[in-house]
Structures are given as C-alpha cells and as structure tokens.
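As they're listed, the protein sequences go chains G and D.
Counted from 1, the first sequence has number 100 at position 23 by the numbering used here; the numbering is strictly sequential.
Counted from 1, the second sequence has number 271 at position 194 by the numbering used here; the numbering is strictly sequential.
Yeah, the Cβ is synthetic: ideal placement off N, Cα and C, and Gly gets one too.
None of the values given here were measured: they were computed from a predicted structure.
Everything below concerns the one structure shown next.
Protein chains: 2
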Amino acid sequence: MARTQGSHSDITGPRIREAALALFARHGYAAVSMRQIAAEVGVQAGALYNYTPDKQSLLFRLMYEHMQDLIAAYADQDQTEDAAEALRQFVGFHIRFHLQRPDEVFIAYMELRNLSSDNFAQIEALRRTYENALEAILRKGQAAGAFDIADTKIATLAVIAMLNGVMTWYRAGGRLSLDEVEQAYWDMVHRSVTA
Amino acid sequence: MARTQGSHSDITGPRIREAALALFARHGYAAVSMRQIAAEVGVQAGALYNYTPDKQSLLFRLMYEHMQDLIAAYADQDQTEDAAEALRQFVGFHIRFHLQRPDEVFIAYMELRNLSSDNFAQIEALRRTYENALEAILRKGQAAGAFDIADTKIATLAVIAMLNGVMTWYRAGGRLSLDEVEQAYWDMVHRSVTA
DNA sequence: GTCTATAGGTTGATAGAC
DNA sequence: GTCTATCAACCTATAGAC
C-alpha cells in the first residue's frame, strides 16, 4: 500500500471511504483509529483531514449515502398498483439490495449510537422514509382486502426485522440459492399478512 | 458516587457489572473506558482489577451469564406436546424475557465482534442452543402436520429475527400493551408457518 | 480492597515544510 | 495534497502504600 508523495485528490477520497467502511464494519467505529484507515489507504493520518473534517463526519457520510442510495434505488423500481405484487417486489428488492452491501447495512444498524444527535436525526428520518414505503403497501392492501393485518405499524417493523435477519446468515454459494431464499421469505411474509 | 476507603467486596463486584452493562449498552464496549466504569461505581480504575482480570473478561461475563439465564429460564417453562401451543409459548417467552433485559440483549447482539475468538465461540454455542429449541418445535409441528414450512432452518432464523425486532421499538406505556404486542406477533408468527 | 502513581502506548487533530 | 512532527489527552493494566 506504499504511496509515492504527490497529488491524488480524485482517488484518495473514495479510497478513504472504502477503507473506513470495511474497517468500521469489521471492528466497529470506536475501535478503528484514523491511523488504521490511513494505513489501509497508504497515506499518513494527517492526509485524511484533506477529505473529512473529522472522524464523525466520515461515519456520517457513509451512512447517509447508503440510506440515500437505498431510497433512490427503491424509488427507481417499477411500482405496481396491486398490493400483493408490490409487497413481493419489496421483499425481493430489500433482500437483494441489502445482500449486495453487507458492510453498509451492518454499519447503518450498528453504529447509530456513535452518531452525533444531529447526524442521528438525519439518518433516522431516512430510515423512516424507507419504512413508510412498506407501510403504504400494507395499508393499501389492507384497505383493498388483500391483506388481513391487525396493526400495520407493527407489521411493517416485523416484516423489515424478519427480512434483515437474512443478512446475518446468508452467504453466496451456501445451501440455498438467492432465488430460493427470496421465495422462502416471500412465502413467510405473505402468509404473515394474509388471513 | 464518592466512596470512603475500605472493603466492600461483596457489593462492588455486582455494581461493577451493572455499571459496565449500562455503559456498554449505551455507548458501546470500545467507546467505554475502565475509568468511566469505575467513576460510575465510585471507585478508582485500579480497583476494578480486583474483580475482573481485564476489560474483555468483563464483557464476556455479562454476555455469558445473559445467555445462560435465557436458556435456563426457557428450560424452566412448562413444556407442552402440542407444537402450535409450544410455539405460542416460545413467542410469549421470548418477547417477555427480552423486553425485561434490554441492555443485556443489546450487548449480546452488538458486541459479538468485540469478543476474543474463544469467547465468541462460547457465546455462539449458547445462542445456537436457544435457536435449536425453536427449531425443534417447528420440526415437530411440521412432522405432525400442524405447520407448513418450506425450510425449518430459515423459518427458525426468520421467526427469531422478527421477534427481536420488538426490542427496537417497544416501550412500556406506549400505544399498545404488552399483551397486545404479544398477540400481534403471535398472529404473524403463527400465520407465517401455517398454510 | 482500595488508594495513588505511573508505565508504556494510543488517540484525534493540527502546524508547517515541501 | 501529502509529509513529518507534535500536542494534549486519553487508554489499559500494574505496583506498592495503607
């Protein structure tokens, strides 16, 4: 990772964020030093401060961009009018999007308490925006008679919690294919909101 | 929290663990110093080492005792032969036990990566023991025709993930009573494993 | 059993040379 | 834009007095 001295502004920034992402995910924000991040990139610790005002901002940016990407990617999907079909889409989208970004997902859930209160509020607002997309589907299906849900707020959180569980055990090349996993979760989610 | 000098061996140990539990849960293991724990108890940092060989052992003991308590408490319950009833019991037990110990639960999930590999293996074994209790219920119900489950391993993890979601939002005195929450989750869990 | 004191290192962040 | 050097603060853990 040794670097010759010189200017690399256009690539150093992204490399710092990549290194911080991987290290924060593996060891936790509080356990990772700026020197470790710098060593991974191949610069000295002082150089990091050309790209981030402080360590906290580095963490916040990683989480903020992840949540923005999540919301934008979901909004980009074709939206259907049928509630059951929309729920199926949501399940598939959620599983696939999150499995593609394990480090970002891990950080977004585990490092919330290391955000300053202002930064925390911003991330929380984005998370709620995403949850609201699911709740809207459940409400619509409930109104249309497609679902039978006692409490859509609880159901929203329960479905997301169930789906997030995939991240803790799924590994590519394991016993089940991604399609099979998606199908199994869709079955369970669908049943859980249907009489 | 000031203390006069003297001997307090019988109460200092538990107070250290209580303080460590609360601080680890709030700020994270890596972000909490031995001095902070000592200050909370009202002793100097050096005195902590009369009760724990090091910081890592303090974390491990908290997690280990929590997992032992969980398994023992579940084993103490009356066990029924009926799979659906056993699942209902499991759901109620899991929600109530975990809601009574939010700090322990939080640490047991969030601080796994801060355990040494030996300690991690021990905690993982206990976690799997608990999961196996649920999987046994699902397998039995599947064999008896009470449940319709595509993959009991996935279903086990999905049910536990869904139930763990309660911890992230439930607060006593909120919109729903504990009984209502338990009922809502039982409905969803039961449906998710039934045709 | 708790105290004070300290060893030996690490931390986040900054200043100034190049 | 990166380097070297540095500051002041903090860390875990230990030693020895009481």
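Residues of its chain near residue i, where Cβ-Cβ distance is below 8 Å and the 5 sequence neighbours each way are ignored
i: M244(G); result: H175, L176, P179, V182, F183
i: A261(D); result: L253
Within 8 Å, strictly: CB atoms of residue i and residue j
i: A152(D); j: M265(G); result: no
i: A163(D); j: D225(D); result: no
i: N191(D); j: L136(D); result: yes
i: I148(D); j: T206(D); result: yes
i: F170(D); j: I214(D); result: no
i: M111(D); j: A96(D); result: no
i: Q145(D); j: L203(D); result: yes
i: S193(G); j: Q156(G); result: no
Supposed close pair residue i, residue j - CB separation, criterion 8 Å
i: V109(G); j: T89(G); result: That pair is no contact at about 18 Å.
i: E208(D); j: I237(D); result: 6 Å
i: A185(D); j: M140(D); result: 5 Å
i: L258(G); j: I172(G); result: In the sequence under discussion, the amino acid at residue 258(G) is Val, which differs from the Leu named in the question. The pair is a contact, with the Cβ atoms about 7 Å apart (cut-off 8 Å).
i: R268(D); j: R165(G); result: Not really, about 16 Å apart at Cβ, beyond 8 Å.
Coil, strand or helix - residue i by DSSP
i: A79(G); result: With a pLDDT of only 47 at A79(G), under 50, the local geometry of the prediction cannot be trusted, and no value is derived from it.
i: R94(D); result: helix
i: R103(D); result: helix
i: F224(D); result: coil
i: S194(G); result: helix
i: Q121(G); result: coil
i: D159(G); result: coil
i: D256(D); result: helix
i: G251(G); result: coil
i: E188(G); result: coil
i: R178(D); result: coil
i: V109(G); result: coil
i: A202(D); result: helix
i: Q145(D); result: helix
i: A152(D); result: helix
i: D87(G); result: helix
With 16 other Cβ atoms within 10 Å as the buried cut-off, status of residue i
i: E188(D); result: buried
i: A102(D); result: buried
i: T229(G); result: buried
i: G242(G); result: buried
i: D87(D); result: exposed
i: G105(G); result: buried
i: M78(D); result: Interpretation of M78(D) is limited by its pLDDT of 46, a score under 50 that renders its predicted location unreliable; the figure taken from the coordinates is listed afterwards. The residue is exposed, with fewer than 16 neighbouring Cβ atoms inside 10 Å.
7 Å CB neighbourhood of residue i in its chain, flanking five on each side removed
i: A210(G); result: Y151
i: A160(G); result: I214, K217, G218, A221, A223, F224
i: T233(G); result: E208, L211, E212, L215
Same chain only: Cβ atoms within 6 Å of residue i, ignoring 5 sequence neighbours per side
i: N196(D); result: F137
i: Y128(G); result: G90, I93
i: R248(D); result: none
i: H143(G); result: E181, A185
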